[in-house]
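In this note's numbering, the protein residues as written are 197 to 598.
All residues carry an ideal CB built from backbone N, CA and C; glycine is no exception.
These numbers come from a predicted model, not from an experiment.
To start, the structure itself, in structure tokens.
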């Protein structure tokens, strides 16, 4: 413990990663059961999808404001405030469990989700004020993903059991989340960040830069469509597995967790051994096969094909993410890289919000109608993604000539 505390004082990067590990764990222990908690509190599937969607949209606006108006020197305290508000809303939700007070449950859950998203999105700008290198960013992504899965595994093994006369249910998961949220807060508040003199954000200059590189807008649009499709199918994964496919919550937990871990491992193997030189092949493996699977579900109306599709989506979630993002994030002028990263995150949230809204609308219809929004959007997405790859390849050739 003494060694850990000394590292926290001496190594700001370690402190930030330790904070992220604790916060990631807090996310993992409850976020996957959030939908089931709301369902157990008598919120309809459509209402749950609306709560998730609107919270994502509000997060987009708040994050956009933070990027433009809030300096990184003040960002730490902004995250600390968000952590405190997150704990307060979580505590109130625990008290409201089984109360039947649907208005306050929806209201508080709406903000609780938004605070979580805002904190996760704000870590990267804070990190850039400490160290600007790819190694730290890679560690951030790995730590966030790993500890979120560890938190999920932790509660999945305990759910439904009685420990020290305490029955572990969805409300207990929320309590665990608040505890680790508090530990993350204690770590972050000890982090000392030196204020660096940075150039003020210039909106006009940024708009001019993006207007002279209009392909960036196209890239963000394709990213937006991709996450909309994901939300339309997997906006509420636990509800989909437990209500539509009638799996137990424990089996659904282990399925999502196992495929998530396999997806991370597969992504490393693919980047090293199975990365096609032709990105149209990468595109087909990542997105083209999805379109085919959606067509099979639409034609057959079969739950078997839905289950196969869900497994494929979860397994191929991480692999082949390099198809679009890598070139644009690395090629953009350094002065605008953080803004582009923020816009990419916002476009993902907005896409997920709209997709989850569609998911709630068709959730209790036939499988054919459930998959219809994702099928239509995925076909549009595939066409635009193909065009984006062609445009990007032209730019790569120009860069190589220069």
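| said: Going by DSSP, what residue range makes up the alpha helix (DSSP H) through residue 208? | reply: 208-226
| Continuous alpha helix (DSSP H) stretch holding residue 245: start and end | 241-265
| said: Please classify residue 665 as buried or exposed, where buried requires at least 16 neighbouring CB atoms within 10 angstroms. | reply: Missing from the structure shown is residue 665; the chain here goes from 197 to 598 and no further.
| message | Counting C-beta neighbours from all protein chains within 10 Å, is the total for residue 541 16 or more, i.e. buried, or is it exposed? | response | buried
| message | Check for me: the alpha helix (DSSP H) holding residue 476 runs from which residue to which? | response | 475-479
| Considering only residues of the same chain and omitting the five flanking positions on each side of residue 421, which have a CB-CB separation below 7 Å? | 547, 573, 576, 577 and 580
| said: I need the boundaries of the alpha helix (DSSP H) containing residue 507, first residue and last residue. | reply: 499-511
| message | I need the DSSP call for residue 364, collapsed to helix, strand or coil. | response | coil
| request: State the Cα-Cα distance for the pair residue 322 and residue 563, rounded to the nearest angstrom. | output: 43 Å
| message | Check for me: the alpha helix (DSSP H) holding residue 555 runs from which residue to which? | response | 530-558
| query | Are three or more beta carbon pairs between the segment 378-385 and the segment 245-255 nearer than 8 Å? | reply | no
| task | Tell me whether the beta-carbon of residue 231 lies closer than 7 Å to the beta-carbon of residue 512. | result | no
| field | Limits of the unbroken alpha helix (DSSP H) element including residue 294 | value | Run containing residue 294: none; DSSP gives neither H nor E here.
| request: Classify residue 423 as buried or exposed, calling it buried when 16 or more other Cβ atoms lie within 10 Å of its own Cβ. | output: buried
| request: Check each candidate in 493, 452, 426 and 239 and name the one with the smallest Cα separation from residue 483. | output: 426
| query | Does the distance from the CB of residue 475 to the CB of residue 585 come in under 7 Å? | reply | yes
| field | Per-residue DSSP class, three states only, for residue 496 | value | helix
| query | By a C-beta neighbour count over all protein chains shown, 10 Å radius and 16 as the cutoff for buried, is residue 182 buried or exposed? | reply | Nothing about residue 182 can be read from this structure; the chain reaches only from 197 to 598.
| query | Among the residues of its own chain, which have a CB less than 7 Å from the CB of residue 457, if the five just before and after it don't count? | reply | 345
| Can you tell me whether DSSP reads residue 358 as helix, strand or coil? | strand
| Pick from 431, 559 and 416 that is closest to residue 537, judged by C-alpha positions | 416
| request: Alpha carbon to alpha carbon, how far is residue 303 from residue 297? Give it in angstroms, no decimals. | output: 10 Å
| request: Return the chain-ordered list of same chain residues with a C-beta closer than 6 Å to the C-beta of residue 406, the five sequence neighbours on each side being excluded. | output: 412
| request: Using only alpha-carbon positions, find the residue among 566, 557, 539 and 362 that is nearest to residue 260. | output: 539
| query | Does the separation of the CB atoms of residue 515 and residue 466 fall below 7 Å? | reply | yes
| Whose C-beta lies closer than 8 Å to the C-beta of residue 352 among residues of the same chain, with five residues either side of it excluded? | 446, 449, 450 and 453
| field | 8 Å contact criterion, which residue 431 and residue 245 should meet: CB distance rounded | value | 6 Å
| said: Quick check: the Cα distance between residue 282 and residue 308, rounded to an integer number of angstroms? | reply: 5 Å
| query | Among residues of its own chain, excluding the 5 on either side of residue 429, which ones have a beta-carbon nearer than 6 Å to its beta-carbon? | reply | 570
| message | Using 7 Å as the threshold, is the C-beta distance between residue 229 and residue 366 below it? | response | yes
| Buried versus exposed call for residue 212 [16 or more other C-beta atoms within 10 Å across all chains shown] | buried
| query | Using the C-alpha atoms, what's the distance from residue 529 back to residue 488? | reply | 38 Å
| In chain order, what residues of the same chain lie with their CB nearer than 6 Å to the CB of residue 220, ignoring the 5 residues before and after it? | 340, 343 and 344
| query | Of all the options 368, 506 and 439, which has the alpha carbon lying nearest to the alpha carbon of residue 293? | reply | 368
| field | Supposed contact pair residue 374 and residue 287 - C-beta distance, whole angstroms, cut 8 Å | value | 6 Å
| request: Give the DSSP-derived three-state secondary structure of residue 561 in the structure shown. | output: coil
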